[in-house]
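Beneath this line is the structure, given in structure tokens, with notes to follow.
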Amino acid sequence: MSRTILRPEVTSVAWFKKEKYSTLKPPQMRDRIPEGLLTKCDNCYTALMTKDLEENLRVCPKCGYHHRLPARERLALMTDPGSFREMFTNIQPTDALHFVDSKEYPERLKAARKCGFDEAVITGEATINGRRVAYGQMIFEFVGGSMGSVVGERITRLIEHATANQLPCVVVAASGGARMQEGILSLMQMAKTSGALARHAARRLPYLVILTDPSTAGVMASYASLGDVCIAEPGALIGFAGPRVIQQTINQILPKGFQRSEFVRDHGFVDIVVPRKDLKRTVALLLYYMTGQPDESMRAAVAEARVTEAPAHEPTGAVTAEA
Amino acid sequence: MAITTFDFEKPLLELEQKLAEAEQAEPRDDAMLAQLREELERRQREIYSQLSPWQRVLVARHQDRPHSLDYVKAMMTDFIEIHGDRAFGDDQAMVCGFATFRGRPLAVVAQQKGRDTKENLMRNWGMSHPEGYRKALRVMRLAEKFRLPIVVFIDTPGAFPGIGAEERGQAEAIARNIRDMFTIEVPIICVVVGEGASGGALGVGVGDTILMLENSWYCVISPEGCAAILWKDRGQAERAAEQLKLTPPDLMELGIIDEIIPEPLGGAHKRPEDTYANVAAALERWMAQLTAVPVDELIERRYQKYRSMGRFVDTTVDTDAETL
Ligand SMILES: [Zn+2]
């Protein structure tokens, strides 16, 4: 904070400052640090014990910066251990357009699989504090979390599964947008997924979205914007157009914190910004409020509160028995 | 000065000049005239029957090409414009209202480009802000309330990428439109008359019938945008256009659109009256079909239409399919 006082001219444009820092400290710095042992915070450049950073959910203990969380760690964070049962893995990509850029599309997909996932989303059932939910999580490691036919189909099947089984649906977004290599087919996934959500909503079932860095373009202009509640991690890039495109179009410097979670919340398009460590609890609480059903982490507390505070309406014996 | 003749039309230009001269010549050589006219049409046919995807994109952007409101003016009567989203402002890149088409009232949603710089400033080059999408949804809900079918004219280079657009929730506005258009209980017919760029087009593009003019395009990204991402060079747009499968025949083959509306030889702008007549005929035909469908069935069909879009391998069904 003292830096703000010393260098007000720089801090007036926050990400500009960051750009400047990254040019001052070339990437080779990182290479000199013993492999794996230490990690530099991408925001404050403090050298941290990698182990400590990982144990802190990759949130910098010094500045609170949320580094991107690898997909497996995200799954472990959001769902009960071992509870996730992946579904719709039978849906696999194909090269409908015979798309070639620097690589042929199938080659690109093959290379992307090295991240350990077969597409840019995993979908299935999981429990959150014992509550059954339909759970989808985008895999940023796989072609930037881009949405093609497989992402659209898996998400749609997930939502339809939730609708058919009266389940809440929880989706973690992490995507740069549509998968260009699938052209119009990828665009239409926005329609397909959103249409399925209209049906899920009509059954009064909760749909929660967690926006992580980055959540932009096609995914943001469809299911990632349509949560009953949209939760964002601190500092995530959230928006329709990418900042570079906007800057090229309007040719002016973007405002401080533009398209970051807090900015988007302050403009009314994100409901809550929640630190990573509190995400699961926040989701659990919202699901309780939306369903009226406490999960196993809160059942005892809810029962106790009802016994002491609302004996008039609630047959005390029944609630105590439940607890 | 904007380009009105494309490079690939240069051979025609020469013939057109010859024809013009022959028409002025004294005495008139009727045999020669007939021969020139025939030759010109033959060459036109040749060129226009094998337009490359990129050439089609250029025709879709031709500065004389009819814009959405030209269709409204030519095909409909008594248009009443409805302004504003009742929340922030009025987006003139998205024109909405009510009109009469062949004796029947309907609602119109029209993405509108400008003809000159002044009009383009007002229309923001056909690029809507969130309030445009919100206005469109408001008018579509009005149409639903009064049981009016909806016609959407799509012609946009994209939703506007700007600071205000982001601050006012461009992504949310488009997402909400896409979702809610699935629930609107009146027929929706969408016609891509020029450019159908990405979420900017789909934000008003969920319908029961999707029609495309012969020289229009519809894709997840503009060829320039695609080239900028893939090759860091917008100049490679032609190459991107070849890859993206954005022409009407491509979209027909991919199961996205229902019909291609033919344009006069040389593009919609060469004989606009013929273009309007072709669009009106298609609209009337589809309108008659859709208004006969019971509401529940209409909504179910609309869902299933988009539900089936996408190409993938289902390994439980296509057991011998080669997965990538
Ligand atoms: Zn830090």
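Line by line, the protein sequences give chains F and B. Residue numbers are given in our numbering: position 222 of the first sequence equals residue 222, and the series is strictly consecutive. Residue numbers are given in our numbering: position 221 of the second sequence equals residue 1221, and the series is strictly consecutive. Yeah, the Cβ is synthetic: ideal placement off N, Cα and C, and Gly gets one too.
How would you list, in chain order, the residues of chain B whose beta-carbon sits under 8 Å from the beta-carbon of residue i?
i         : result
F/Leu-197 : Arg-1179
F/Asp-101 : Leu-1230, Trp-1231 and Gln-1243
F/Gly-218 : Ser-1198, Gly-1199 and Val-1220
F/Leu-254 : Ile-1163
Tell me the DSSP bridge mates of residue i?
i          : result
F/Thr-127  : F/Arg-132
F/Pro-93   : B/Phe-1312
B/Phe-1153 : B/Ala-1110 and B/Val-1191
B/Pro-1105 : B/Thr-1100
F/Lys-280  : None; F/Lys-280 has no bridge partner.
F/Cys-169  : F/Ala-134 and F/Tyr-207
B/Thr-1209 : B/Ile-1189
F/Leu-48   : F/Thr-39
F/Ile-122  : F/Gln-137
B/Gly-1196 : B/Thr-1156 and B/Tyr-1218
F/Ser-175  : F/Ser-215
Can you tell me where the alpha helix (DSSP H) holding residue i begins and where it ends?
i          : result
B/Tyr-1276 : 1272-1291
F/Lys-192  : 183-202
B/Lys-1305 : 1295-1307
B/Leu-1246 : First-last for B/Leu-1246: undefined, no H or E at that position.
B/Met-1181 : 1170-1181
F/Ile-155  : 149-164
B/Ser-1222 : It is not in any alpha helix (DSSP H) - B/Ser-1222 carries neither H nor E in the DSSP assignment.
B/Glu-1016 : 1010-1024
B/Asp-1184 : Correcting the residue identity first, residue 1184 of chain B is Ile in this sequence and not Asp. Note, B/Ile-1184: premise wrong, no alpha helix (DSSP H); not H, not E.
B/Arg-1141 : 1130-1145
B/Leu-1121 : 1117-1123
B/Glu-1167 : 1163-1167
Mind checking whether residue i and residue j have CB atoms under 8 Å apart?
i          : j          : result
B/Gln-965  : B/Arg-1123 : A query on residue 965 of chain B cannot be resolved here, the shown segment of chain B reaching from 1001 to 1324 and no further.
F/Leu-208  : F/Ala-173  : no
F/Cys-115  : F/Glu-73   : no
F/Ile-159  : F/Thr-193  : yes
B/Phe-1312 : F/Ala-198  : no
B/Gln-1111 : B/Phe-1079 : no
B/Gly-1203 : B/Ile-1178 : yes
F/Met-188  : B/Met-1309 : yes
B/Val-1206 : F/Ala-120  : no
B/Val-1192 : B/Ser-1216 : yes
F/Gly-148  : F/Leu-185  : yes
F/Thr-123  : F/Ile-155  : yes
B/Ala-1173 : B/Tyr-1133 : yes
B/Leu-1033 : B/Glu-1023 : yes
F/Met-290  : F/Asp-228  : yes
F/Tyr-135  : F/Thr-89   : no
B/Leu-1137 : B/Arg-1176 : yes
B/Thr-1229 : B/Ser-1198 : Note that residue 1229 of chain B is Ile in the sequence shown here, rather than Thr. No, the Cβ-Cβ distance between B/Ile-1229 and B/Ser-1198 is not below 8 Å.
Can you list the residues of chain F that residue i reaches, using a CB-CB cut of under 9 Å?
i          : result
B/Ala-1159 : Ala-221, Phe-240 and Ala-241
B/Gly-1325 : Residue 1325 of chain B falls outside the range modelled here, since chain B spans only 1001 to 1324, and no answer is possible.
B/Leu-1142 : Under the 9 Å cutoff, chain F gives no residues; its nearest Cβ is about 19 Å from B/Leu-1142.
Which residues of chain F have a Cβ atom closer than 8 Å to the Cβ of residue i, listed in chain order?
i          : result
B/Arg-1311 : Thr-94, Ala-96, Ser-149, Glu-182 and Leu-185
Just to confirm the assignment, what range does the beta strand (DSSP E) spanning residue i have?
i          : result
B/Thr-1100 : 1094-1101
F/Thr-216  : 207-216
B/Cys-1219 : 1217-1219
F/Thr-39   : 38-40
B/Ile-1261 : 1259-1261
Please list the partners that residue i has in chain B, where partner means a Cβ-to-Cβ separation under 7 Å.
i         : result
F/Met-188 : Ile-1256, Tyr-1306, Met-1309 and Gly-1310
F/Asn-90  : Asp-1314, Thr-1315 and Thr-1316
F/Glu-153 : Gly-1310 and Phe-1312
F/Ile-231 : Near F/Ile-231 there are no residues of chain B at all, since even the closest Cβ is about 15 Å away, more than 7 Å.
F/Ile-250 : Gly-1162 and Ile-1163
If the cut is a Cβ gap below 9 Å, which residues of chain B does residue i touch?
i         : result
F/Val-245 : Pro-1161, Gly-1225 and Ala-1228
F/Gln-166 : Those do not exist, as F/Gln-166 stays about 19 Å from chain B at its closest Cβ, beyond 9 Å.
F/Gln-259 : Glu-1166
F/Ala-178 : Ser-1198, Gly-1199, Val-1220 and Ile-1221
Identify the contact partners of residue i in chain F, using a Cβ-Cβ distance below 7 Å as the criterion.
i          : result
B/Ala-1175 : Ser-194, Ala-221, Ser-222, Ser-225 and Leu-226
B/Glu-1172 : Ser-225 and Phe-269
B/Val-1206 : Ala-191
B/Glu-1300 : What B/Glu-1300 touches in chain F: nothing, since even the nearest Cβ is about 10 Å away.
B/Leu-1202 : Leu-187, Met-190 and Ala-191
B/Leu-1251 : Ile-184
B/Leu-1213 : The premise fails here: B/Leu-1213 is roughly 16 Å from chain F at the closest Cβ pair, so nothing lies under 7 Å.
Check the Cβ-Cβ distances between residue i and every residue of chain A, and say whether any is below 8 Å.
i          : result
B/Phe-1182 : Among the chains of the structure shown, chain A does not appear; the protein chains present are F and B.
Problem set entry | Length at least 4, wholly inside the region 1042-1090 of chain B: the alpha helix (DSSP H) runs in chain order | 1053-1060 and 1068-1075
Exercise. Counting only runs that start and end within the region 50-118 of chain F, where is the beta strand (DSSP E) found for 3 or more residues in a row?
Worked result: 85-87 and 91-93
For this session: Within the region 213-280 of chain F, note down every full alpha helix (DSSP H) run reaching 4 residues or more, in order along the chain.
Result: 217-220, 243-250 and 261-266
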